[in-house]
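Read through the structure below, which is laid out as structure tokens, and then see the notes.
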Amino acid sequence: MATLIENKKSDHLPPVASAKTKDKPTSQITDSAMVYAMTLMVGTFLGITFTKSEVVRWQRVQDMFLLQDPHLYLIIGSGVAVAMLGMFIIRKRSASDIYSQPIQYKPKPFHKGVILGGMTFGAGWAITGACPGPIYAQLGSGVGPAVFTYAGALAGIYLYAWAKPRLPH
Amino acid sequence: MTDFILQPWPWWLAGPLIGLTVPTLYLLAGKGFGISTSFQQLGAMCSPHSRFAYLKNYDRRKGAWTLIFAVGISIGAFIGSHWLSAEPIEFLPAKFYSVWGAIKLFIGGTLIGFGARYAGGCTSGHAITGIANLNLPSFIATLSFFVGGLSVTWGLHHILF
Numbered sequence: 013m014a015t016l017i018e019n020k021k022s023d024h025l026p027p028v029a030s031a032k033t034k035d036k037p038t039s040q041i042t043d044s045a046m047v048y049a050m051t052l053m054v055g056t057f058l059g060i061t062f063t064k065s066e067v068v069r070w071q072r073v074q075d076m077f078l079l080q081d082p083h084l085y086l087i088i089g090s091g092v093a094v095a096m097l098g099m100f101i102i103r104k105r106s107a108s109d110i111y112s113q114p115i116q117y118k119p120k121p122f123h124k125g126v127i128l129g130g131m132t133f134g135a136g137w138a139i140t141g142a143c144p145g146p147i148y149a150q151l152g153s154g155v156g157p158a159v160f161t162y163a164g165a166l167a168g169i170y171l172y173a174w175a176k177p178r179l180p181h
Numbered sequence: 006m007t008d009f010i011l012q013p014w015p016w017w018l019a020g021p022l023i024g025l026t027v028p029t030l031y032l033l034a035g036k037g038f039g040i041s042t043s044f045q046q047l048g049a050m051c052s053p054h055s056r057f058a059y060l061k062n063y064d065r066r067k068g069a070w071t072l073i074f075a076v077g078i079s080i081g082a083f084i085g086s087h088w089l090s091a092e093p094i095e096f097l098p099a100k101f102y103s104v105w106g107a108i109k110l111f112i113g114g115t116l117i118g119f120g121a122r123y124a125g126g127c128t129s130g131h132a133i134t135g136i137a138n139l140n141l142p143s144f145i146a147t148l149s150f151f152v153g154g155l156s157v158t159w160g161l162h163h164i165l166f
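Protein sequences appear in the order of chains A and B.
Residue numbers for the first sequence follow our numbering, so the first one is 13 and each next one is one higher.
Residue numbers for the second sequence follow our numbering, so the first one is 6 and each next one is one higher.
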């Protein structure tokens, strides 16, 4: 899964070696059109939900951090509960995905960045009133200033790409 | 019913729908729910020959779905805000439509992009998917998100808001 690529040790090896170790034999190199269609559909439903539930609103995020509105805490809490139940059923039934591969959560590892990066992320979330999903939702809804948030996020990626070898992990 | 849909949705509808994304995305696409990887994907696409290993060694073909997912979120948000809302949604307060507002959003965005990738995930990958799978580092990450957010909100309130 792409989400974990940045945590691989292969980053520190010479390019030739990392090119060999990069692809995991069990997963496809590219996804099928069906997977892209499904991803687009799930994303669309999620975008509707993000917008209609107002998690995309700066004021809602501000009120969450000011402890004045339980709305977002309840959404995150009930979301986690339902996701947990879903994963429980998937594990219980040993369900397979669209590639007929067994569904297995790949644990995100612990390192100092989980705390340091996590706190940095939280600060950004409070200032912009948006986490990554809502940034895309704001862009899609035609919210002009969200372009600055997104440009900032991309700048943050380059900053991390540059700083990664120097940061504690 | 139509009335209900056109009003802002209550938490007990929205929360479970967002939570369902986790098993649904696994079942239908074989993907773990996470959004911030799409930033890395975009960076790697913009700079395929970057001198940074973080972007150069990233598998752009394998990660292509993250941007398609992001496009889906944008389309859904357009539908939600333009066709499924009785009243216009105030995404950002008027004060953000200014130079200082743009600077704040850019700085905040930078903290989001940097922090999410340093932590290895954001609200979706850590707080929802990670905790739902009882992944201890994700508990710690989520706690850190709130330490950072609460500190900025309560500590810098008079400067920033």
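All residues carry an ideal CB built from backbone N, CA and C; glycine is no exception.
As the structure is a computational prediction, the values presented were derived from the model and not from experiment.
- In the three-state reduction of the DSSP assignment, A/S153 falls in the coil class.
- Around A/A107, the beta-carbon contacts reaching into chain B at under 9 Å are P28, Y31, L32.
- For A/S44, the secondary structure class from DSSP, reduced to helix, strand or coil, is coil.
- Counted as a single uninterrupted DSSP element, the alpha helix (DSSP H) harbouring A/V94 occupies residues 83 to 104.
- In this structure, A/R103 sits away from A/L84, with a CB-CB distance that is not shorter than 8 Å.
- A/M53 is positioned such that its CB atom lies no closer than 8 Å to that of A/I110.
- Secondary structure of B/S149 (DSSP, three-state): helix.
- Sixteen is the threshold: when 16 or more other Cβ atoms of the shown chains lie within 10 Å of the Cβ of A/V92, as they do, the residue is buried.
- B/I84 has its alpha-carbon roughly 28 Å from the corresponding atom of A/M96.
- When DSSP reads this structure, A/P114 sits in a beta bridge with A/S108.
- Between B/V104 and chain A, the shortest Cβ-Cβ separation is not below 8 Å.
- Distances from the alpha-carbon of A/P180 to those of A/W137, A/H123, A/A45 put A/H123 closest.
- Residue nearest to B/I117 within the set A/S112, A/L86, A/A138, A/Y48 is A/A138 (criterion: CA-CA distance).
- The beta carbon of A/Q74 sits closer than 7 Å to those of G141, all from its chain and outside the five residues before and after it, given in chain order.
- By the C-beta density criterion, B/H131 is buried, having at least 16 other C-beta atoms within 10 angstroms.
- For the segment 113 to 133 of chain B, the set of positions with a beta-carbon nearer than 8 Å to some beta-carbon of chain A reads G113, G114, T115, L116, I117, G118, F119, G120, A121, R122, Y123, A124, G125, G126, C127, T128, S129, G130, H131, A132, I133 in chain order.
- Inter-residue distance for B/A19 and B/G35 is about 23 Å (C-alpha atoms, whole angstroms).
- Taking all protein chains shown into account, B/Y102 has fewer than 16 neighbouring C-beta atoms within 10 Å of its C-beta and is therefore exposed.
- Shown here, A/M76 sits in a helix according to DSSP, grouped into three states.
- Among the CB atoms of chain B, one or more fall inside 8 Å of the CB of A/D43.
- For B/Y59, the uninterrupted alpha helix (DSSP H) segment begins and ends at 58 to 61.
- The Cβ of B/E95 sits closer than 8 Å to at least one Cβ of chain A.
- Rounded to the nearest whole angstrom, the C-alpha separation of B/P142 and A/G134 is 16 Å.
- When CB distances to chain B are screened at a threshold of 9 Å, the residues of the segment 60 to 79 of chain A falling below it are I60, T61, F62, T63, K64, S65, E66, V67, V68, R69, W70, Q71, V73, Q74, M76, F77, L78, L79, in chain order.
- Taking the CA atoms as reference points, B/G126 sits about 10 Å from B/T147.
- Nearest CB-CB separation between B/I164 and chain A: not below the 8 Å threshold.
- A/I169 and B/A121 have their C-alpha atoms roughly 9 Å apart.
- Relative to the Cα of B/F38, the nearest Cα in the group B/I73, B/S149, B/N62 belongs to B/I73.
- At least one CB atom of chain B sits nearer than 8 Å to the CB of A/K118.
- Leaving aside the five residues that flank B/F144 on each side, the residues in its chain whose CB is nearer than 7 Å to its CB run, in chain order, I136.
- Within 7 Å of the CB of B/P98, the CB atoms of chain A belong to W70, Q71, in sequence order along the chain.
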